[in-house]
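Peer 1: In terms of UniProt numbering, the sequence shown opens at residue 1 and continues consecutively.
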Amino acid sequence: MNRQQHLGKNRNSYRHVAVAVTFVFIASIGLIENLYILTALLLGMWSLGFFSGVSFRTILSRLAWLIPFLGLTLLLFPFWYPGETIWAWTAPWGGNIHLSLEGLQKALRLGLRVAVAISTLTVLMASMSQSQFFQALRRLRIPALFIQLAELILRYVEVFRDEARRMSRARKARGYEEKGGILNPRVRAVYAGFLGTLMLRAMDRAERVYLAMLARGYSATDSTWQLGQKREGSRLAAGRLQVKNLSYRYPGSNRPVDALRQIRLEIEPGQKVALLGPNGAGKSTLIHHLCGLTIPQSGEVQIDDLSLTEKTAREIRRRVGLVFQDPDDQLFCATVAEDVAFGPQNLGLPENEVEKRMESALAAVQGLDLAGYAPHQLSYGQKKRVAIAGVLVMDPDILILDEPMAYLDPQGQDEVMQILQNCSCRGKTIIMAIHDIDLAGSWADRVVILQDGAILADGGTEILENEKLLQSARLLSNFSQLRKRKQAIE
């Protein structure tokens, strides 16, 4: 072992011990009753944070997160807890309100204990990254379920903070000002709507994250993969997809919505298929069927010789990889490396094979240098590439991408197209759900157009030259036609 490896091992041991000592210290705080000692510990922890480079503002911001949860308790505790009365008030309706000394002391102890614990964790986390912290937890034999939940929560705290910032900027951009503060009824109404919308988006995000976990082999009831179910038949012939009379109806409050109507489709191994259609055409519903996230109500989806059912859905998800439109739905682990390794771990592969696949997948998207980063530290283009790596690592026969070019700059689009070209060269079947007819014409060798849940057209890229067809499918705007005519004149 060289000196650098020896130092790295010592640092890992230090982190392991530091986390253990911190947990013991936080647990022991509950045994301390003396307010002066608790106050001294809090001031000491703030001093340690100052000398460790942790700003007082950072610690206060962490404490502020707990105000909604502890604030009411700390305020009401002195009035609830029985003891020596130090202040009393007779309400107009005849009730008496008493403030007890013991209740006040209890509230102060609780507040100080929480403040010391949060300050201690803040200082600890400043000395190591999230991934190092969770590695230390694993060395302490903390149950994996708790670690995974903590990773997921921390990951989406960042996502929702970004969401809240965007919503706040949108309000300001439309002239909103907080005049009068929380006492102003209009401000309260705006904040109530803001929190309600944020909660709805949180629920929507949680559903999409769960779908992304399922798409990468996760099962809440079975943590081990049936390795005997892996590809049957020739590896070269894998990737054939058949859809027979597929229909799907979403239940509605007034009337059901037919999302898919009698879809018939055959895609041969190695084809590059552009799935086009306006919003609401049924593209997302169809690709969720193709990758096993939704079970057919009527009709059949078949991958090679395997038909999609509740029992075969997990194997279908291994054969068909789905890259979601928003990479934040797919990146839910503490680091890029852990996130890409999520799929192979669900396959029950040995650790050395998981590591090998993870490095190979990141190399395929030019992302090896991103392995140690947290997902929220990446640019949107980097997130998109890592999301693709998280699917490629499963080695699917069919790769489906939902709007892969959305929000990417030209360089980011070129990077994604190069990745897809490499996948195509390796014989993978690729299906891309997009709106861009120019991209479809230059990349695909087959085009399928959906409208109102049915296939409107299916053929080669020559069908994109039919302006009437594109107009009826709402894929061609008047601006696009004017631009083409101008180019033809020039």
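Ideal Cβ placement from N, Cα and C applies to all residues, glycine included.
To which residues of the same chain is A20 closer than 7 Å at the C-beta, ignoring the five residues directly before and after it?
Peer 2: L140
Peer 1: Can you name, in chain order, every residue of its own chain whose Cβ lies under 8 Å from the Cβ of N96, other than the five neighbours on each side?
Peer 2: Cβ neighbours of N96 within its own chain (closer than 8 Å, five residues either side excluded): A88, W89 and T90.
Peer 1: Taking the Cβ atom as the reference point for each residue, do G321 and V391 lie within a distance shorter than 8 Å?
Peer 2: yes
Peer 1: Are L408 and G381 touching if we call contact CB-CB under 8 Å?
Peer 2: yes
Peer 1: Would you check if there are 3 or more beta carbon pairs closer than 8 Å linking the stretch 114-122 to the stretch 54-61?
Peer 2: yes
Peer 1: Compute the beta-carbon to beta-carbon distance between A259 and G282, rounded to the nearest angstrom, for a pair I have assumed lies under 8 Å.
Peer 2: Here A259 really is in contact with G282; their C-beta atoms are around 5 Å apart, less than 8 Å.
Peer 1: Mind checking which residues open and close the alpha helix (DSSP H) that includes S442?
Peer 2: I437 to W443
Peer 1: Please check the pair L275 and V448, which I expect to be a contact at CB under 8 Å, by giving their CB distance rounded to whole angstroms.
Peer 2: 5 Å
Peer 1: Thinking C-alpha only, which one of Q325, L211, V340 and I316 is nearest D304?
Peer 2: I316
Peer 1: For S284, count the other beta carbons within 10 Å of its own beta carbon; 16 or more makes it buried, fewer makes it exposed. Which is it?
Peer 2: By the 10 Å Cβ count, S284 comes out buried.
Peer 1: Please classify V190: does DSSP put it in a helix, a strand, or coil?
Peer 2: helix
Peer 1: Please give me, in chain order, every unbroken run of the alpha helix (DSSP H) with length at least 4 that falls completely inside the stretch 350-401.
Peer 2: 351-364 and 380-392
Peer 1: Starting from the C-beta of R474, find all residues in its chain whose C-beta is less than 7 Å away, skip the five residues before and the five after it, and write them out in chain order.
Peer 2: So the list reads P278, once near-sequence residues are dropped.
Peer 1: Starting from the Cα of Q325, find the closest Cα among K356, I388 and V159 and give me that residue.
Peer 2: I388
Peer 1: Excluding sequence positions up to five away, which residues of its chain have a Cβ less than 7 Å from the Cβ of I32?
Peer 2: L38
Peer 1: Beta-carbon within less than 7 Å of V114's beta-carbon, same chain only, minus the 5 sequence neighbours each way: which residues are those?
Peer 2: L66 and L70
Peer 1: Run through DSSP, which three-state label would R139 get?
Peer 2: helix
Peer 1: Using the Cα positions of S223 and L99, report the straight-line distance between them to the nearest angstrom.
Peer 2: Because the pLDDT at S223 is just 48, under 50, the model does not fix this residue reliably, and the point stays unresolved.
Peer 1: What does DSSP give as the partner residues of I267 in its beta bridges?
Peer 2: L241
Peer 1: Work out the CA separation of G83 and A202 for me, nearest whole Å.
Peer 2: 43 Å
Peer 1: Considering only residues of the same chain and omitting the five flanking positions on each side of L63, which have a CB-CB separation below 7 Å?
Peer 2: If we look at L63 and ignore the five residues flanking it on each side, its Cβ neighbours are A115 and I118.
Peer 1: Run the CB neighbour count on S131, radius 10 Å, all protein chains shown included, and call it buried at 16 or more, exposed below.
Peer 2: buried
Peer 1: Tell me whether Q377 is buried or exposed, calling it buried when 16 or more other Cβ atoms sit within 10 Å of its Cβ.
Peer 2: It is exposed - the Cβ of Q377 has fewer than 16 other Cβ atoms within 10 Å.
Peer 1: What's the C-alpha gap between Y210 and R314?
Peer 2: 14 Å
Peer 1: Taking the runs of the beta strand (DSSP E) that are 3 residues or longer, which of them lie wholly in the stretch 90-171?
Peer 2: 96-100
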